[in-house]
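Q:
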Amino acid sequence: MEPWDVTVIGGGILGTSFAYWLAHRYDGRIAVLEKESQVAQHTSRRNTGVVHRPFYLDPVERKVFARSSQVAYGMWKEYAARRGLPWMPVSTFEVATREDAVPRLDKYLRWGLANGMGEDELEVLTPAEVRRHEPNIRCHGAIWSKTDTGVDYPQFTQAMRDEAEQAGARFLLRTEVESIDVAGDALEIRLAEIGGGATYLDPRSRIRVRAGRRSPPIRTRFLINCAGGNS
5 MEPWDVTVIG GGILGTSFAY WLAHRYDGRI AVLEKESQVA QHTSRRNTGV VHRPFYLDPV
65 ERKVFARSSQ VAYGMWKEYA ARRGLPWMPV STFEVATRED AVPRLDKYLR WGLANGMGED
125 ELEVLTPAEV RRHEPNIRCH GAIWSKTDTG VDYPQFTQAM RDEAEQAGAR FLLRTEVESI
185 DVAGDALEIR LAEIGGGATY LDPRSRIRVR AGRRSPPIRT RFLINCAGGN S
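Quick note: the sequence shown uses this note's numbering, first residue 5, plus one each step.
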């Protein structure tokens, strides 16, 4: 079988995002290997569901992450609008639970502004001001990030999978990686056995995997590891 040009391990929000962008910008054979029967079954599903703003990122030491977060916010917002996905600017509080943590709130305010957030997006609150928003919070102060946004990451992931496949990428589900070896000018990915004794066919990827036996290795020129906690 002809090697894939790029293979992504992991069908969470990160791996699917890679497949989405590669499929739209790169003319090549792109595969995503996901051990579950659907995308976004682990960390991408079991999280706070918030697109966080970069007020907590040091603009010098974590410059790349801060810049990426700031740029990505607008991109995610536009994508949600285009696809009709949930986008709820619910805001968040980062609270100081100890008196000696209060100076950090002012530092976060400076960081947020340095990272491109607007003055109307951030506000440092006193304990009384926090209680006016949420009476059950007990703290020494908080920074209010007004544009932190609630989303449904599984829906985002599925939407990007759909578009990635339309652009030519293939998602190989129930396909678990066991080992990776160098094979000449390519990489050889060996797959774990799948139990159950039945043949699984993902109709969208058009790839047949026989359960209960080892599938042939997959060869790829480039590999991107997005396996999350399993990597």
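The beta carbon of each residue, even a glycine, is placed where N, CA and C say it ideally should be.
All figures in this text were calculated on a predicted structure; none of them were measured in a lab.
Going by CA-CA distance only, name the one from ARG194, GLY88 and LEU61 that's closest to ARG108.
A: LEU61
Q: Using three-state DSSP, classify THR52 as helix, strand or coil.
A: Of the three classes helix, strand and coil, the one that applies to THR52 here is coil, per DSSP.
Q: Judging by CA-CA distance, which residue of ALA231, ARG225, ASN229 and GLY233 is the nearest neighbour of GLU6?
A: ARG225
Q: Are there 16 or more other CB atoms within 10 angstroms of the CB of GLU133, so buried, or fewer, so exposed?
A: Using a 10 angstroms sphere on the CB of GLU133, the tally of other CB atoms stays under 16, which defines it as exposed.
Q: By the three-class DSSP mapping on this structure, what secondary structure does ALA163 have?
A: helix
Q: Which residues bound the alpha helix (DSSP H) around THR224?
A: First-last for THR224: 222-229, but that is the beta strand (DSSP E), not the alpha helix (DSSP H).
Q: Give me, in chain order, the residues of the same chain whose beta-carbon lies closer than 8 Å to that of THR151; leave out the 5 immediate sequence neighbours on both sides.
A: ARG57, TYR77, PRO93, SER95, MET121 and GLU125
Q: How is THR20 classed by DSSP in three states: helix, strand or coil?
A: helix
Q: Looking at the structure shown, is VAL10 part of a helix, part of a strand, or coil, going by DSSP?
A: strand
Q: Keeping to the same chain, check which residues put their C-beta closer than 8 Å to that of PRO90; ignore five residues upstream and five downstream.
A: ALA84, GLY154, VAL155, ASP156 and GLN159
Q: Taking buried to mean at least 16 other C-beta atoms within 10 Å of its own C-beta, is GLY200 buried or exposed?
A: Only weak support exists for where GLY200 lies, its pLDDT of 47 falling under 50; the value from the coordinates is given anyway. Exposed, because fewer than 16 other Cβ atoms sit within 10 Å of the Cβ of GLY200.
Q: Taking just the CA atoms, how far does GLU192 sit from GLY32?
A: 18 Å
Q: Taking DSSP as the reference, what is the three-state secondary structure of GLU82?
A: helix
Q: Nearest-angstrom Cα distance between ARG102 and HIS137?
A: 20 Å
Q: If I follow the unbroken alpha helix (DSSP H) through TRP115, where does it start and stop?
A: Unbroken alpha helix (DSSP H) run through TRP115: 106-118.
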